[in-house]
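For the record, the sequence lines run as chains A and B. For the first sequence, my numbering assigns the number 1 to the initial residue and increments by one for each residue that follows. For the second sequence, my numbering assigns the number 413 to the initial residue and increments by one for each residue that follows. All residues carry an ideal CB built from backbone N, CA and C; glycine is no exception. Predicted model, so just to flag it, every value in this text is computed and none were measured.
Number of protein chains: 2
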Amino acid sequence: MSASWPVEIVNTGTELLFGSVVNTHLAYLGQQLFSLGLRIDRQTTVPDGLAIVDVVREATSRSQLVIITGGLGPTSDDVTREVVAELTGRTLRFDESVFAKIEAHVLKRGFHFSDAIKRQAYVLEGATVLPNDFGTAPGLYLPATPAFPDLFMFPGPPRELRPMFQTYATPIIRKIVGHSDLRAMVFRTTGIGESAIQELVGADLATIPAVEVGYCAQVGAVDLRLIGTGSAVEQGATIVRDKLDSYIVSADGRALEEIVVELLTKRNETLAVAESCTGGYLASCVTNVSGSSAVFLEGNVTYSNEAKIRALGVPGLLIERLGAVSEEVAAAMAEGARARSGATYALSTTGVAGPAGGTEEKPVGTVFIGLASAMGSTEVQKHFYPSDRLTFKQVVTQRALDLLRRRLSFSP
Amino acid sequence: MSASWPVEIVNTGTELLFGSVVNTHLAYLGQQLFSLGLRIDRQTTVPDGLAIVDVVREATSRSQLVIITGGLGPTSDDVTREVVAELTGRTLRFDESVFAKIEAHVLKRGFHFSDAIKRQAYVLEGATVLPNDFGTAPGLYLPATPAFPDLFMFPGPPRELRPMFQTYATPIIRKIVGHSDLRAMVFRTTGIGESAIQELVGADLATIPAVEVGYCAQVGAVDLRLIGTGSAVEQGATIVRDKLDSYIVSADGRALEEIVVELLTKRNETLAVAESCTGGYLASCVTNVSGSSAVFLEGNVTYSNEAKIRALGVPGLLIERLGAVSEEVAAAMAEGARARSGATYALSTTGVAGPAGGTEEKPVGTVFIGLASAMGSTEVQKHFYPSDRLTFKQVVTQRALDLLRRRLSFSP
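Written out as structure tokens, the structure is:
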């Protein structure tokens, strides 16, 4: 696929080279294009301004599809539109309907309307306008000519680019590229390391020559990637499912929280959480999932001991005797959250996130995770994840969600 | 600086183009090089394997310093060493001392020692070895010749590259480059748009020729960047401080939550939050800050109406009459959270995150943010941010934190 359809990405943005912003466009576009049967051959980042001229000239001479991000905004260093006009010998015309949409967007938000904003209503002759439903600058698609490949221009902010790509560019690219037999499956796993996975499935997968296998460690999870023809990937998937079994969270890259919300919805059950060391991150992960309000009743971020006692009914004596970071307090937090909210399940977290607060007995990284439910006794797991504060919150949240996922998946 | 010292980065790695891993090398190296007085002019990503040949040839012909990441590992698609040897006409020799270090590293971790691992002990003639203290493959530095620029090769994993860069490459680059007067300041602003900022400061900043001005829109914030000589940046900063005043969150790129925790700590005051539409994200942002446990008492993620009534004491009749998304309920949530926790301040959020749940009167994007405090009446702001679910949570959290920041900054 790649050989016959060279694809290049050009990212413009001084902030990307300066290091104040991480370039997430490449990973996003890589995933999206792959699902359309395309792979990116080369990606280049250049500063805002005229440095883009050489790079776009090179990319368009080498590739069959070129995607440019950034440089469509209102400020003076935004020159993508003008540079492409110059390179392709096209004129820029002021588009009244694009302008009306920009004006409506700006006024609706009560922003001040400036002349600079008006610049974004200029459109390349012959280009298809990709509407910006979440900002002002529209995207542009320029169909291939004998001298020039297919070319897309997107605004730089990810929250504008992503829905625009999905809604307006995907159908166009699908039409350009046609059918592809290239297929990918991404198994999201949790609770098992990268090399342990490779030991379980590596040798067996190597016997299928038409499958390319990749491993990618995430925080608290490992993705196992199979790329190849449809039938070969299916053959590999059977091996993976057989060997990795309950470690598999999803076979389409979906995150743990999506699976948990889906399982709760199917079972018509509800969840409450009581967080200490995860500080709201667990609740936030669950509420990121659209539709979670039907199954998520409430979260308690009980950072102080007083809050644990008042909001969750944890006995003060328990905290005094055993400490807030203990198996008993984790259980009492989960049970308290469940009893007060009336939820089917309640998860709790209490641990030492660090960098301060560790002791010899309970060093930074120690954590207890509780799960209370209607049936049976409360389950508490103890783990040890010494790491930085943010990673700790993420890993503990993954473990808590996986504790619930396993309960939901394997109990009637 | 940039004009006289063109710098390029070449990142190799199929996983970067496939989208399973975000390329964080560029942002890291951008920051590091800037602190050494250098700016990256161009960055390119190519797949593992021989695609690197053309890119390295182009980069070395254009630039004075080239940094290659990846392709030094044990597997067959790791070819950086061989490609550079070929391009520079140097031989590869087996280095016994490098080999001994790799062997010790592998055996210490109880890994299996394979012949493939041995490949990593080959070193380019004339190159300086950069020891790998966190992995097997060493980095390499090739000093400039009349035909070839200075060239660094680093292993791909960030946990190996970063300490290697800091410990072993920084002193070399400092020696090559010499003293630099280049300086940068990044003002984080919030509550004002990119083009409004440019209108306020653009013309005045343009009168300082030695300063380069950049704008970068984040979610709920805009960064304003000044780059130039020390005195010119100081001159620009005076203009920015004067014109943008209370919109400025920090002058060193620090985030809103860090500033809020710092202000609360200094004032010896505390915070509680009551979240509906932000679903725990507000609490999680605050608890991301190390030291927040001293000022953050508790969070309530009251997604259901029952939770708002029980946990926060919001009158049921209020919700029934005016709806959960209303000015009055936002105020009652904040006041309830403050009264029950005993915190100095309480923030509340209630809104329609979407995609479902909007009405004609209160469409998706409508949100009320409350701030209750010991002094004076409770303040409630109404905003409208139609966007995707995650962006909505982020923007509302920024607005809530900024409401508190302004109170903390401008009241005695």
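Three-state secondary structure (DSSP) of residue i
{"i": "S246 of chain A", "result": "helix"}
{"i": "F546 of chain B", "result": "coil"}
{"i": "E275 of chain A", "result": "strand"}
{"i": "Y168 of chain A", "result": "helix"}
{"i": "Q32 of chain A", "result": "helix"}
{"i": "T641 of chain B", "result": "strand"}
{"i": "H383 of chain A", "result": "strand"}
{"i": "I604 of chain B", "result": "coil"}
{"i": "R394 of chain A", "result": "The sequence given here has Gln at residue 394 of chain A, not Arg. Three-state DSSP puts Q394 of chain A in a helix."}
{"i": "T426 of chain B", "result": "helix"}
{"i": "L205 of chain A", "result": "helix"}
{"i": "V66 of chain A", "result": "strand"}
{"i": "F99 of chain A", "result": "helix"}
{"i": "R502 of chain B", "result": "coil"}
{"i": "A221 of chain A", "result": "strand"}
{"i": "G568 of chain B", "result": "coil"}
{"i": "G648 of chain B", "result": "helix"}
{"i": "V434 of chain B", "result": "coil"}
{"i": "V495 of chain B", "result": "helix"}
{"i": "T265 of chain A", "result": "helix"}
{"i": "A116 of chain A", "result": "helix"}
{"i": "A463 of chain B", "result": "coil"}
{"i": "P163 of chain A", "result": "helix"}
{"i": "M1 of chain A", "result": "Its pLDDT being 37, under 50, M1 of chain A is placed unreliably in this model, and the value from its coordinates should be taken loosely. Coil at M1 of chain A, not helix or strand."}
{"i": "T472 of chain B", "result": "helix"}
{"i": "S76 of chain A", "result": "coil"}
Alpha-carbon to alpha-carbon, residue j and residue i
{"i": "F178 of chain A", "j": "V84 of chain A", "result": "Rather than Phe, the amino acid found at residue 178 of chain A in this sequence is Gly. Approximately 26 Å between the Cα atoms of the pair."}
{"i": "D489 of chain B", "j": "L462 of chain B", "result": "8 Å"}
{"i": "P355 of chain A", "j": "S702 of chain B", "result": "7 Å"}
{"i": "T278 of chain A", "j": "I452 of chain B", "result": "37 Å"}
{"i": "T452 of chain A", "j": "S293 of chain A", "result": "Look at the range of chain A in this structure, 1 to 412, and you will see that residue 452 of chain A is not part of it."}
{"i": "A334 of chain A", "j": "L371 of chain A", "result": "6 Å"}
{"i": "F410 of chain A", "j": "D402 of chain A", "result": "12 Å"}
{"i": "E791 of chain B", "j": "A121 of chain A", "result": "38 Å"}
{"i": "S114 of chain A", "j": "V613 of chain B", "result": "14 Å"}
{"i": "E258 of chain A", "j": "E86 of chain A", "result": "46 Å"}
{"i": "A644 of chain B", "j": "I585 of chain B", "result": "25 Å"}
{"i": "G725 of chain B", "j": "R637 of chain B", "result": "45 Å"}
{"i": "R42 of chain A", "j": "V631 of chain B", "result": "28 Å"}
{"i": "V307 of chain A", "j": "C628 of chain B", "result": "The amino acid occupying residue 307 of chain A in the given sequence is Ala; Val does not appear at that position. One C-alpha to the other measures close to 40 Å."}
{"i": "V395 of chain A", "j": "Q810 of chain B", "result": "25 Å"}
{"i": "I227 of chain A", "j": "L65 of chain A", "result": "22 Å"}
{"i": "V422 of chain B", "j": "N288 of chain A", "result": "35 Å"}
{"i": "V707 of chain B", "j": "P727 of chain B", "result": "28 Å"}
{"i": "P146 of chain A", "j": "I480 of chain B", "result": "35 Å"}
{"i": "K108 of chain A", "j": "H795 of chain B", "result": "11 Å"}
{"i": "L161 of chain A", "j": "L729 of chain B", "result": "43 Å"}
Residue(s) in a DSSP beta bridge with residue i
{"i": "S373 of chain A", "result": "A:Y345"}
{"i": "Q43 of chain A", "result": "A:I9 and B:T457"}
{"i": "D562 of chain B", "result": "B:L477"}
{"i": "T896 of chain B", "result": "Any question about residue 896 of chain B goes unanswered here, given that chain B covers just 413 to 824."}
{"i": "R183 of chain A", "result": "A:G228"}
{"i": "R624 of chain B", "result": "The amino acid occupying residue 624 of chain B in the given sequence is Glu; Arg does not appear at that position. Paired residue(s): B:I639."}
{"i": "Y693 of chain B", "result": "DSSP lists no partner for Y693 of chain B."}
{"i": "D664 of chain B", "result": "B:V598"}
{"i": "V123 of chain A", "result": "A:R93"}
Cutoff 8 Å: residue i Cβ touching any chain C Cβ
{"i": "N712 of chain B", "result": "Of the protein chains in the structure, A and B, none is chain C."}
Subject >> Validate contact between the stretch 99-117 of chain A and the stretch 596-603 of chain B using beta carbons, cut 8 Å, 3 pairs >> reply: The stretch 99-117 of chain A, when compared against the stretch 596-603 of chain B, does not touch it at the 8 Å Cβ threshold.
Original post:
If you scan the stretch 287-370 of chain A from start to end, which runs of the beta strand (DSSP E) of 3 or more residues do you find wholly inside it?
Top reply: Qualifying beta strand (DSSP E) stretches, in chain order: 296-302 and 345-351.
**OP:** Tell me, please, whether the stretch 353-373 of chain A touches the stretch 247-264 of chain A by the rule of three or more beta-carbon pairs shorter than 8 Å.
**Re:** Three or more Cβ pairs closer than 8 Å define a contact, and the stretch 353-373 of chain A falls short of that threshold against the stretch 247-264 of chain A.
**OP:** Flag this pair as touching only if the stretch 613-623 of chain B and the stretch 565-581 of chain B have three or more C-beta atom pairs under 8 Å; answer yes or no.
**Re:** Touching, no.
Subject >> the stretch 419-438 of chain B contacting the stretch 562-572 of chain B, beta-carbon criterion three pairs below 8 Å >> reply: Counting Cβ pairs under 8 Å, three or more are found: they touch.
Subject >> contact_flag[the stretch 235-243 of chain A, the stretch 268-283 of chain A] where n(CB pairs < 8 Å) is 3 or more >> reply: No contact exists between the stretch 235-243 of chain A and the stretch 268-283 of chain A.
Original post:
Between the stretch 340-358 of chain A and the stretch 321-330 of chain A, do three or more beta carbon pairs fall short of 8 Å?
Top reply: Contact between the stretch 340-358 of chain A and the stretch 321-330 of chain A is present, because at least three Cβ pairs lie under 8 Å.
Original post:
Counting pairs of Cβ atoms below 8 Å between the stretch 389-396 of chain A and the stretch 429-449 of chain B, do you hit three or more?
Top reply: Between the stretch 389-396 of chain A and the stretch 429-449 of chain B there are fewer than three C-beta pairs closer than 8 Å, too few to call the two in contact.
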